Structure formats: C-alpha cells, structure tokens
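>
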C-alpha cells in the first residue's frame, strides 16, 4: 500500500541528492541540472499533497513551477554558454570576479 | 500490490538516475541519468492522477531541457569535472543534506503516513485543470506568460555573439 509518506520520502531524498550535487559539483551545467532535480522533487511534493487533500491546487502550483523552471532553463543555459565562451571552461571556480 | 511494486521500481530507477547525475564524472552520462530521473518522475505524476502534468513533464524536461543541456555539453563544455572530495565544502553539504532528511523525518513521524483516499473521476482531467487555470489562477497564468516572454528576450540578448 503506497501512502503519501512514500512519495514525501522519495522527494526528500531526491532533494537532498540534488542539494549535494548543486553544492559540490564543479561543472556549471551539472549544477544547473541539479537545481532542476530539486525543482522536480518539489513538484512531486506538490502533486502528492494535492492528491492527498483531493484538490487540484497542488497540480496548478507544480504547473507554475514547471513554467518558472523552463524560463530558468532558457536563461540559465544562455548564461552558461556565455560563461564558457568568455572563460573557456565550464568550471564554476573560474567565476571568481567578485570574490575577495 | 502491482502499483506498490511499480512505485518501488520507479522510485529506485529515479533515485539511481539522480545519483548518476550527482556522482558520475562524465557529464553526458550525468545528464542522461537526469533524463531517466525526470521520465520516472513523470510516470509517478501519472500515478498521482495528474496524467496531463506527467506527459508535460516528460515533454518539457526529457524533451527540451535535457536536450538543450546535452547540446551545450557536447558543443562547448565536454570536460570531465568530477566531484571534489575531501574539502570542507563537500563535508558541509553532506551534513546539510543529512540534517534536511532528519528534519523531514521528524515532521513525517509527527504527522503520520496517511493513505490516499479515492478521488472523483474528474480529478486531474485537462478540463478541470484548464477551468482552474482561467478562473482562479488567471493572474498567475498571465504573470507566467510575461515571465516566459522576458526569459526568451533575455536568452536572445545573452547569447548574442558580440556580447562576449
């Protein structure tokens, strides 16, 4: 019997793994994909709780999260491409202009 | 029973894809792992009675986002930059993830693991979804359209050639 706890635990683990990736990976594109993974797991929580309470509002919120993450994908990939062109590498340690 | 087995298979596959994304050295394998993870999450959305969003997820993520990411990796940034091990940043991130899991576990233990109640037939249909989208959520919908337009213009400006 699958309960809401299973979905929430799966989403929690996916979010934690995505967080580890976003904090430790050095490739800019992989960091960006890890952020997408975290957004996906949040979507799963929205849908599971919306299904649990029998309301469609959770699905609507997941829909808007998808719209925002699509916009983020377009702008993020453009930023990554500009960064790689400028620095010649996708290593985010090269982005140290504002580091002191 | 069948849905339980399917859920665990899908959860295992999706989690393996996420682990591949985070820990594999080759960026192409990593992004393919992310694609596997998004597709299994889409199937889980279908299990949650929102099939429209499930297919939407597969089209948008596995179809658009992953293809763009793979394209950028193949065209520009195919370097093997793996996980850096042993630094304090890595240890702190693991500690943060464990703390997060621990607090969610405490929250779940307090609230319990409720079973899903059956929902009415129209739950999650495209008709009810669209009805809600143009009535109660009309303003966020319009704001999302403006946001996507701005993102499109921003992406065009950012990827012009004379910018760099």
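Chains as they are written, first to last, in the numbering used here: chain A, 11 to 110; chain B, 48 to 211. Glycine residues also receive a C-beta, built at the ideal position from the N, C-alpha and C atoms. Computed from a predicted structure; not experimentally measured.
#1: Any idea what DSSP makes of residue 99 (chain A), helix, strand or coil?
#2: Compare the C-alpha of residue 31 (chain A) against each of A:76, A:84, A:43 and name the closest.
#3: Which chain B residues are close to residue 108 (chain A), counting only those with a beta carbon under 7 Å from its beta carbon?
#4: Tell me whether residue 37 (chain A) sits in a helix, a strand or coil according to DSSP, three-state version.
#5: For the stretch 150-164 of chain B against the stretch 11-24 of chain A, are there 3 or more C-beta pairs whose distance is under 8 Å?
#6: Determine contact between the stretch 64-80 of chain B and the stretch 107-120 of chain B, defined as no fewer than three beta-carbon pairs at a distance below 8 Å.
#7: Please state if the CB of residue 28 (chain A) and the CB of residue 69 (chain B) are separated by a distance shorter than 9 Å.
#8: I'd like to confirm the pairing. Which residues does DSSP put opposite residue 162 (chain B) in its beta bridges?
#9: Mapping the DSSP letters down to three states, classify residue 211 (chain B) as helix, strand or coil.
#10: Out of curiosity, what's the CA-to-CA distance linking residue 211 (chain B) and residue 91 (chain A)?
#11: Is it the case that the Cβ atoms of residue 12 (chain A) and residue 60 (chain B) are separated by a distance below 9 Å?
#12: With DSSP collapsed to three states, give me the class of residue 175 (chain B).
#13: Assuming the contact rule is C-beta atoms closer than 8 Å, residue 78 (chain A) and residue 179 (chain B) should be a hit. Round their C-beta distance to whole Å, please.
#14: Do you know offhand how far residue 57 (chain A)'s Cα is from residue 92 (chain B)'s?
#15: How many whole angstroms separate the CB atoms of residue 56 (chain B) and residue 80 (chain A), which I take to be in contact at a CB cut-off of 8 Å?
#16: Apart from the five residues on each side of it in sequence, which residues of its chain come closer than 8 Å, Cβ to Cβ, to residue 166 (chain B)?
#17: For a cutoff of 9 Å on Cβ pairs, would you count residue 60 (chain B) as touching chain A?
#18: Would you report the Cα separation of residue 28 (chain B) and residue 141 (chain B), rounded to the nearest angstrom?
#19: Name the chain A residues that come within less than 8 Å of residue 136 (chain B), Cβ to Cβ?
#20: How long is the line joining the alpha carbons of residue 51 (chain A) and residue 25 (chain A), rounded to whole angstroms?
#21: Secondary structure at residue 94 (chain B), three-state DSSP: helix, strand or coil?
#22: So which residues of chain A does residue 147 (chain B) contact, with C-beta pairs closer than 9 Å?
#23: Do residue 109 (chain B) and residue 85 (chain B) come within 9 Å of each other at the CB atom, strictly closer than that value?
#24: Helix or strand or just coil, what does DSSP make of residue 167 (chain B)?
#25: Since residue 70 (chain A) and residue 150 (chain B) are thought to touch, with beta carbons under 8 Å apart, how far apart are those beta carbons, to the nearest angstrom?
#26: Just to make sure I have the definition right: I need the residues of chain B whose C-beta is within less than 7 Å of the C-beta of residue 81 (chain A). Which are they?
Short version:
#1: As a working note, residue 99 (chain A) is residue 89 in the first chain. In the three-state scheme derived from DSSP, where H, G and I count as helix and E and B as strand, residue 99 (chain A) is classed as coil.
#2: Stepping through the first chain from its first residue, residue 31 (chain A) is reached at position 21. Minimum Cα distance to residue 31 (chain A) is reached at A:43.
#3: Residue 108 (chain A) sits at position 98 when you count from the first residue of the first chain. Correct list: empty, because the minimum Cβ distance to chain B is about 18 Å.
#4: To locate residue 37 (chain A), count along the first chain from 1; it is residue 27. It is a strand residue.
#5: Yes: at least three Cβ pairs fall under 8 Å.
#6: Contact between the stretch 64-80 of chain B and the stretch 107-120 of chain B is present, because at least three Cβ pairs lie under 8 Å.
#7: One-based indexing of the second chain puts residue 69 (chain B) at position 22. One-based indexing of the first chain puts residue 28 (chain A) at position 18. Taking 9 Å as the cut-off, the beta carbon of residue 69 (chain B) is found closer than this to the beta carbon of residue 28 (chain A).
#8: Along the second chain, one-based indexing puts residue 162 (chain B) at 115. According to DSSP, residue 162 (chain B) bridges with A:13.
#9: Position 164 of the second chain holds residue 211 (chain B). Confidence in residue 211 (chain B) is poor, its pLDDT being 49 and thus under 50, which makes the residue's placement unreliable; the coordinate value appears in the next sentence. Shown here, residue 211 (chain B) sits in coil according to DSSP, grouped into three states, outside any helix or strand.
#10: As a first step, residue 211 (chain B) is located in the second chain; it is residue number 164 there, counting from the start. As a first step, residue 91 (chain A) is located in the first chain; it is residue number 81 there, counting from the start. Caution is warranted here: a pLDDT of 49 is assigned to residue 211 (chain B), below 50, making its placement in the model unreliable, and no coordinate value can be reported.
#11: As a position in the first chain, residue 12 (chain A) is number 2, starting the count at 1. As a position in the second chain, residue 60 (chain B) is number 13, starting the count at 1. Using a Cβ distance threshold of 9 Å, residue 12 (chain A) and residue 60 (chain B) do not count as a contacting pair.
#12: Along the second chain, one-based indexing puts residue 175 (chain B) at 128. Annotated three-state conformation of residue 175 (chain B) is helix, per DSSP.
#13: Within the first chain, numbered from 1, the residue matching residue 78 (chain A) stands at position 68. Within the second chain, numbered from 1, the residue matching residue 179 (chain B) stands at position 132. Rounded, the Cβ-Cβ distance is 18 Å, inconsistent with contact.
#14: In the first chain, residue 57 (chain A) corresponds to position 47, counting from 1. In the second chain, residue 92 (chain B) corresponds to position 45, counting from 1. Taking C-alpha positions only, residue 57 (chain A) is separated from residue 92 (chain B) by approximately 7 Å.
#15: As a working mapping, residue 56 (chain B) is identified with position 9 in the second chain. As a working mapping, residue 80 (chain A) is identified with position 70 in the first chain. Actually they are not in contact, since the Cβ atoms of residue 56 (chain B) and residue 80 (chain A) sit about 28 Å apart, beyond 8 Å.
#16: Here residue 166 (chain B) refers to the residue found at position 119 when the second chain is read from its first residue. The residues are 96.
#17: Taking the first residue of the second chain as 1, we reach residue 60 (chain B) at position 13. No, its Cβ sits nowhere closer than 9 Å to a Cβ of chain A.
#18: No statement about residue 28 (chain B) is possible, as the shown extent of chain B runs from 48 to 211 and does not include it.
#19: In the second chain, residue 136 (chain B) corresponds to position 89, counting from 1. By Cβ distance, chain A contributes 33, 34.
#20: Within the first chain, residue 51 (chain A) is the residue found at index 41, counting from 1. Within the first chain, residue 25 (chain A) is the residue found at index 15, counting from 1. Separation of residue 51 (chain A) and residue 25 (chain A) (C-alpha to C-alpha, rounded to the nearest whole angstrom) is 6 Å.
#21: Taking the first residue of the second chain as position 1, residue 94 (chain B) is located at position 47. Looking at residue 94 (chain B) - three-state DSSP - the assignment turns out to be helix.
#22: Within the second chain, numbered from 1, the residue matching residue 147 (chain B) stands at position 100. Per Cβ cutoff of 9 Å: 22, 25, 26, 29.
#23: One-based indexing of the second chain puts residue 85 (chain B) at position 38. One-based indexing of the second chain puts residue 109 (chain B) at position 62. Yes, Cβ-Cβ distance for residue 85 (chain B) and residue 109 (chain B) is below 9 Å.
#24: Your numbering for residue 167 (chain B) matches position 120 in the second chain. Looking at residue 167 (chain B) - three-state DSSP - the assignment turns out to be coil, as it is neither helix nor strand.
#25: As a working note, residue 70 (chain A) is residue 60 in the first chain. As a working note, residue 150 (chain B) is residue 103 in the second chain. About 27 Å; that fails the 8 Å criterion.
#26: In the first chain, counting from the first residue as 1, residue 81 (chain A) sits at position 71. Below the 7 Å Cβ cutoff, chain B contributes 194, 195, 198 as neighbours of residue 81 (chain A), in chain order.
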